[in-house]
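Numbering-wise (the numbering used here), the sequence shown opens with residue 20 and increments by one.
Some notes on the structure that comes next.
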Amino acid sequence: MKRFRFTFIILLLFVLLTSCGKENNFNPIIYSGNDLKIGIVGEKPKIKEKNVSFIPLTMEDISSSNFDNLDSVFINKKYLSEAAKAEYANVYLESPIPFVFIDSDKVYMTYIDKGISYENAHKSKSGDYLIGFYKDTYFGLSLYNNIKNEETIQDSYARMFNILEKFKSTGEIVLE
């Protein structure tokens with residue numbers, strides 16, 4: 020009986036140890052494409068890329084719809100409630116460049132439907148950390164395994180930069 024218990028405990032420990040030692044398949048990328056100029060409302064994200072520059076903007080700048088020389092505009096979480104105001108909906112709908120909303124817990128319709136307030140908008144269930152909109156195309160990028168840390172956040176930005184580079188050369192949002 021003792022031998023059976025000992026064998027059982029050894030097998031149990033073996034199973035626990037091998038399941039905890041699961042291989043990490045996360046291979047974060049760093050964007051290495053052409054230079055990108057991105058307007059940013061709020062604090063600049065921490066990224067590793069040297070070929071991406073952020074140009075500070077205000078929500079008033081968004082109202083003016085002057086996006087010359089920008090490849091995209093990102094809006095930080097702190098400004099999402101204001102960004103969802105009806106006065107900005109047409110800006111996003113008619114913009115010549117994509118808009119990206121950072122860490123929004125609301126669905127993308129919050130920003131383009133004048134009849135939805137941020138407070139009353141549906142919560143997003145997609146798990147996307149970055150949600151983008153261009154013309155009639157919604158696109159989103161989640162964090163690896165929904166783990167929110169510096170490495171997974173930087174990876175999502177790098178993947179977004181790849182999408183924006185393709186947009187810059189094709190005029191279309193292409194997801195792979």
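Even for Gly, the Cβ is constructed at its ideal location relative to N, Cα and C.
These numbers were taken from a predicted model, which means no experiment stands behind them.
- S100 and D122 have their alpha carbons spaced roughly 12 Å apart.
- Collapsing the DSSP output to three states places F152 in a strand.
- In this chain, the alpha helix (DSSP H) harbouring L112 covers 108-113.
- Among the bridge pairs identified by DSSP, L76 is matched with V60.
- When secondary structure is reduced to three states using DSSP, I131 falls in the helix class.
- The beta-carbon separation of L160 and I172, rounded to 10 Å, does not stay under the 8 Å limit for a contact.
- If you look at F45, you'll find it isn't in any beta strand (DSSP E); DSSP assigns it neither H nor E.
- Cβ neighbours of G146 within its own chain (closer than 6 Å, five residues either side excluded): S161, N165.
- Scanning its chain for C-beta atoms nearer than 6 Å, with the 5 sequence neighbours on each side dropped, one finds no residue around E169.
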